[in-house]
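Shown next, in structure tokens, is the structure this report addresses.
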Amino acid sequence: MTDQIFANSAAEVELLSFRLADQEYSVDIMSVREIRGWTRATPLPHAPAHVRGVINLRGTVLPVVDLSTRLGMAPVAGDARNVIIVVQLGGQNAGLLVDAVSDIVAVPRAALRPPPDLAADAAHNFISALTILDGRMIRVLNLAAVLPDATVEAA
Amino acid sequence: MTQDPMAEIRASFFVECEELLERLQDALTAIEAGDHDPETINVVFRAVHSIKGGAGAFALLPLVAFAHRFETVLDALRSGQMQPSPEAIKRFFQAADLMQDHVRAARDGTAGPANADEVLQALEALAGPPAEKPLAEVAEFQPLALVLDLDADPGIADSAEPQTAWQVFFAPHAALYATGNEPLHLLRALSALGTVETRCAYPAAPDLIDLDPEAAWLAWQITLAGEVGVDDIREVFDFVEGVCALEIGPAGGTNACTPGGQTETTQPRPAALHLPAAEAAPARASGPPPQPTLAAKAAESATVRVDLERIDRLVNLVGELVINQAMLAQSVAEAGLAPSSAVANGLEAFMMLTRDLQDSVMMIRAQPVKPLFQRMARIVREASAAIGKEVRLHPEGEATEVDKTVIERLADPLTHMVRNAVDHGLETPEARQRAGKPREGLVTLRAMHRAGRVLIEVEDDGAGINRAKVREIAISRGLIAADAVLSNAEIDALLFLPGFSTATTVSALSGRGVGMDVVRQAIQSLGGRVTITSDPGLGSKFSISLPLTLAVLDGMVVQVAGQKLVVPLSSILETAALTQDDIRALGPQTHVISVRGAIVPLYDLGTELGFRQPRSSYDGSIVLFCVLDNGSSAALAVDAILEQRQVVIKGLQKAYGHIPGVAAATILGDGQIALILDPADLVRSATGHTRAIALALAG
Amino acid sequence: MTLTVLAVDDSRTMRDMLKLSLSEAGFTLHLAEDGVHGLEVLADISPDAIISDINMPRLDGFGFIEAVRAQAKHRTTPILVLTTESAPELKARARAAGATGWIVKPFDPPKLVKALHMVAG
Numbered sequence: 018m019t020d021q022i023f024a025n026s027a028a029e030v031e032l033l034s035f036r037l038a039d040q041e042y043s044v045d046i047m048s049v050r051e052i053r054g055w056t057r058a059t060p061l062p063h064a065p066a067h068v069r070g071v072i073n074l075r076g077t078v079l080p081v082v083d084l085s086t087r088l089g090m091a092p093v094a095g096d097a098r099n100v101i102i103v104v105q106l107g108g109q110n111a112g113l114l115v116d117a118v119s120d121i122v123a124v125p126r127a128a129l130r131p132p133p134d135l136a137a138d139a140a141h142n143f144i145s146a147l148t149i150l151d152g153r154m155i156r157v158l159n160l161a162a163v164l165p166d167a168t169v170e171a172a
Numbered sequence: 085m086t087q088d089p090m091a092e093i094r095a096s097f098f099v100e101c102e103e104l105l106e107r108l109q110d111a112l113t114a115i116e117a118g119d120h121d122p123e124t125i126n127v128v129f130r131a132v133h134s135i136k137g138g139a140g141a142f143a144l145l146p147l148v149a150f151a152h153r154f155e156t157v158l159d160a161l162r163s164g165q166m167q168p169s170p171e172a173i174k175r176f177f178q179a180a181d182l183m184q185d186h187v188r189a190a191r192d193g194t195a196g197p198a199n200a201d202e203v204l205q206a207l208e209a210l211a212g213p214p215a216e217k218p219l220a221e222v223a224e225f226q227p228l229a230l231v232l233d234l235d236a237d238p239g240i241a242d243s244a245e246p247q248t249a250w251q252v253f254f255a256p257h258a259a260l261y262a263t264g265n266e267p268l269h270l271l272r273a274l275s276a277l278g279t280v281e282t283r284c285a286y287p288a289a290p291d292l293i294d295l296d297p298e299a300a301w302l303a304w305q306i307t308l309a310g311e312v313g314v315d316d317i318r319e320v321f322d323f324v325e326g327v328c329a330l331e332i333g334p335a336g337g338t339n340a341c342t343p344g345g346q347t348e349t350t351q352p353r354p355a356a357l358h359l360p361a362a363e364a365a366p367a368r369a370s371g372p373p374p375q376p377t378l379a380a381k382a383a384e385s386a387t388v389r390v391d392l393e394r395i396d397r398l399v400n401l402v403g404e405l406v407i408n409q410a411m412l413a414q415s416v417a418e419a420g421l422a423p424s425s426a427v428a429n430g431l432e433a434f435m436m437l438t439r440d441l442q443d444s445v446m447m448i449r450a451q452p453v454k455p456l457f458q459r460m461a462r463i464v465r466e467a468s469a470a471i472g473k474e475v476r477l478h479p480e481g482e483a484t485e486v487d488k489t490v491i492e493r494l495a496d497p498l499t500h501m502v503r504n505a506v507d508h509g510l511e512t513p514e515a516r517q518r519a520g521k522p523r524e525g526l527v528t529l530r531a532m533h534r535a536g537r538v539l540i541e542v543e544d545d546g547a548g549i550n551r552a553k554v555r556e557i558a559i560s561r562g563l564i565a566a567d568a569v570l571s572n573a574e575i576d577a578l579l580f581l582p583g584f585s586t587a588t589t590v591s592a593l594s595g596r597g598v599g600m601d602v603v604r605q606a607i608q609s610l611g612g613r614v615t616i617t618s619d620p621g622l623g624s625k626f627s628i629s630l631p632l633t634l635a636v637l638d639g640m641v642v643q644v645a646g647q648k649l650v651v652p653l654s655s656i657l658e659t660a661a662l663t664q665d666d667i668r669a670l671g672p673q674t675h676v677i678s679v680r681g682a683i684v685p686l687y688d689l690g691t692e693l694g695f696r697q698p699r700s701s702y703d704g705s706i707v708l709f710c711v712l713d714n715g716s717s718a719a720l721a722v723d724a725i726l727e728q729r730q731v732v733i734k735g736l737q738k739a740y741g742h743i744p745g746v747a748a749a750t751i752l753g754d755g756q757i758a759l760i761l762d763p764a765d766l767v768r769s770a771t772g773h774t775r776a777i778a779l780a781l782a783g
Numbered sequence: 003m004t005l006t007v008l009a010v011d012d013s014r015t016m017r018d019m020l021k022l023s024l025s026e027a028g029f030t031l032h033l034a035e036d037g038v039h040g041l042e043v044l045a046d047i048s049p050d051a052i053i054s055d056i057n058m059p060r061l062d063g064f065g066f067i068e069a070v071r072a073q074a075k076h077r078t079t080p081i082l083v084l085t086t087e088s089a090p091e092l093k094a095r096a097r098a099a100g101a102t103g104w105i106v107k108p109f110d111p112p113k114l115v116k117a118l119h120m121v122a123g
């Protein structure tokens, strides 16, 4: 699963980078459908804490995951500055609530490193690769691990 | 839609088969009821016949073989050789069921029914000796066989070897022209086989004034050179055998015996050849060029087959439109426009159109319940035969239309209920006789529209529910306390509790551990309710109430802990304002309220959904009295009732898993998503403590 | 030249198949669902040939052929019977009614096309 980002043969990978607290994360731009401003989500009863609820995405019901909570950090405030990144994985759409979107960066595939094997790190499973760009460390998110269906399976 | 056209026709053939099978059932039912109109028997015959014809085209040989034997028996019925005795009709129904199995097996590529031969043999015995044809005809249904004519002259068969030259004498009779045959085309086809030399002979041409234009005057002597078999020549004249004199022999043989005449090649001048049959000029030569007619067009557009996906897309889009229209209405209201303003009026018209459009779109998905009821008729036939009971199924309201998906998903629970009625509801013929009832039990299957919902009832005239026994079982299974005070309705409702089964021995039919609780669950997942009523000695009735469609729902929008929720209107009995005085505490967190003498468990919706902590006071709350599927009721406390409206149901993706108490979601006028509540599920999955109370109270 | 054909059959599957095979072969095809419907359609067209089933509701093939032959403008229009039946007495009946030819289902499209050309040019 963590090898997903390495499996592609293209020389470069384009990443959408975003901020969570003071850390920088990214997702493969190919998984990103759109970016939306913050909308109040309808909470789902008895849902895990990181499932923020559901929003109306042009007539469909879109689950929104608070990525910060998911990664074991304090919840995203949920205000006008926050954004929802709509991603698609395996035919299913989901929204990732993040603090702010930073940039789109092209990274040579060769520059991606597998994450060091630090089992103690709670967020470890959610990271598929790391790269250094202009001295900043960018974490590439393993979408399959953070999305709701994985949550349900794990439960 | 770039499918293989033959695959499409094949798929449509199976659809047609289902329609024909339905017609077959109807006609058999009519015959059983005493309809001896020859046309009714013809309908039966034609249904089987058409299925055979189509099956032959797709080389579905087991189906063809079965249909052929069935058809042969039906032919005996049609000709009066066989009488529609009760025994015969019973067998006809069985054969119709088997035919359906054969059709499904052919469609799905599975093995056909095993007991077909037995039923056919029984029918054949009833029909008496067959009218000579079976074997030879079955052979014709090899795929793509084209049998042009059976009247082939056996005398020529032995000289099938290709010759290099043939003599053909061809003299049409008047009947050749009368049946629309045209010598010119035949001569032309002959010339395509080899080099021909044709001489036309008119033995005794009368004066024109005496010439009968209807009579046949001409004959032809043709010499054909080339590597041609006699069968090739015979094939050319296939359709005209019997309506002409035809002699075929090797060139130079003795049978070329025509009087001399002028010689022509087979690019003859049509006028000369047409002379004897002036009126035989093809109709296309005169009159305007053919135009597609209105009648033909109308016939083709009477029904349209549409991919279900397209309809669903349309349903979804109309759903969006409904939401959009609601949002627009809200904006207009917020803008403070006068109700009489042009915008408000226009919006009102728009709203009505949207509603009409929605209804019309829903109608596309609606189908009559008839095929479903026919399936049940079969279940009754098989189930009653298996346990030696005499049962008649009486369907009512078969034309009632219900959403296609509802019908499909209703099949399993209904099957189970019908089996139950035959197996447990009805007594044995002997017991019925002792009770002064007719030996034959009656199961009535009813469908009707009522108050925007569909009501389906399964009623039997059996012994009714043995309440003492039900109670005993419920106590022995620990479902109720030994001293519980239960009303009759509450005892009947025990049947729906998981694990309950009235049969002391597991019967072959309805046993297998599938109880009425599974039926209830299936109905609930369709947004429906099932209830039971029973009169000792007179029978039981199961009533299923279903929404007309799974796409929209009439709901009450309520507010709970700052969230808007939709409660299906169908589950709400009444609403009331609540004061703390109405409430009795049964424990620290469990409360009941008494309404008109009945004690009803109370649930705080916000607490049950995990939106807030249990509250100390219910003052100012509003309660919704909801009817649960087991006939009991529960009170749900909410903060406020906002409005009643129709909402479009949006499925929650499977990814969330089952959310207790939540059926689906919808989008409200403000664009926000609201969850649609399932009160019965909410009560079922309420905290263990509350549930125990609820059970004790409601049974 | 394009030949116009009227095909009368109560089986939708058979009509679909005729439509497919005859349209592919370049015929202009009109369809009708039974004898009565066939006569209605025929009122407005002059086909070069007619194909008819025998077992049909309302008006069967025999009745249909007789009715067609009774119309002056269709006295010589070729009519092919396309049916699963092959009993000689039924064929004799069809011929007496005025049928031009008899083809047993299931049909082989190229042969049907050939037969149509044989009777209609």
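Top line first, the protein sequences correspond to chains P, R and H. Take the first sequence: its letters are residues 18 to 172, numbered as in our numbering. Take the second sequence: its letters are residues 85 to 783, numbered as in our numbering. Take the third sequence: its letters are residues 3 to 123, numbered as in our numbering. All C-beta atoms, glycine included, are put in the ideal place defined by N, C-alpha and C.
Taking residue i and residue j to be in contact with their CB atoms under 8 Å, please state how far apart those CB atoms are, rounded to whole angstroms.
i, j, result
"G753 of chain R", "A413 of chain R", "7 Å"
"V7 of chain H", "A34 of chain H", "The Cβ separation is near 11 Å, so there is no contact."
"Q756 of chain R", "N110 of chain P", "About 18 Å separates the two Cβ atoms, so there is no contact after all."
"P65 of chain P", "V746 of chain R", "With 8 Å as the limit, P65 of chain P and V746 of chain R do not qualify as a contact, their Cβ atoms being about 15 Å apart."
"E514 of chain R", "E474 of chain R", "E514 of chain R to E474 of chain R, Cβ: 11 Å. No contact."
"V93 of chain P", "D120 of chain P", "In fact, because the Cβ distance is near 19 Å, the residues do not count as touching under 8 Å."
Check the DSSP bridge columns for residue i and list the partner residues they point to.
i, result
"H119 of chain H", "None; H119 of chain H has no bridge partner."
"W55 of chain P", "Its beta-bridge partners do not exist; DSSP assigns none."
"R729 of chain R", "R:G639"
"E485 of chain R", "R:P452"
"F626 of chain R", "R:V542 and R:I616"
Identify, in the order they occur along the chain, each residue of the same chain with its Cβ nearer than 8 Å to the Cβ of residue i, setting aside the five sequence neighbours on each side.
i, result
"F150 of chain R", "L182, M183, H186, G196, A200 and L204"
"M154 of chain P", "E41, L147 and T148"
"L210 of chain R", "V157, M166, S169, E171, A172 and R175"
"A422 of chain R", "A428"
Please tell me whether residue i has its Cβ less than 8 Å away from any Cβ of chain R.
i, result
"V71 of chain P", "yes"
"A78 of chain P", "Per the sequence presented here, residue 78 of chain P reads as Val, with Ala not at that position. True, the Cβ-Cβ gap to chain R drops below 8 Å."
"T59 of chain P", "yes"
"H63 of chain P", "yes"
"S13 of chain H", "yes"
Would you kindly work out how many angstroms separate the C-alpha atoms of residue i and residue j, rounded to a whole number?
i, j, result
"T512 of chain R", "L526 of chain R", "12 Å"
"V124 of chain P", "R75 of chain P", "33 Å"
"V157 of chain P", "R36 of chain P", "12 Å"
"I135 of chain R", "K93 of chain H", "22 Å"
"T79 of chain H", "V43 of chain H", "15 Å"
"G735 of chain R", "V78 of chain P", "8 Å"
"I115 of chain R", "V506 of chain R", "24 Å"
"L693 of chain R", "L150 of chain P", "45 Å"
"L33 of chain P", "T750 of chain R", "32 Å"
Excluding five sequence neighbours on each side, which residues of the same chain lie with their C-beta closer than 7 Å to the C-beta of residue i?
i, result
"V127 of chain R", "R107 and A111"
"V416 of chain R", "V427, A428 and L431"
Nearest chain P C-beta to residue i closer than 8 Å, yes or no?
i, result
"E52 of chain R", "The structure shown does not extend to residue 52 of chain R, since chain R is modelled only from 85 to 783, so the question has no answer here."
"L147 of chain R", "no"
"G562 of chain R", "no"
"L736 of chain R", "yes"
"V746 of chain R", "yes"
Are any of the Cβ atoms in chain H nearer than 8 Å to that of residue i?
i, result
"E266 of chain R", "yes"
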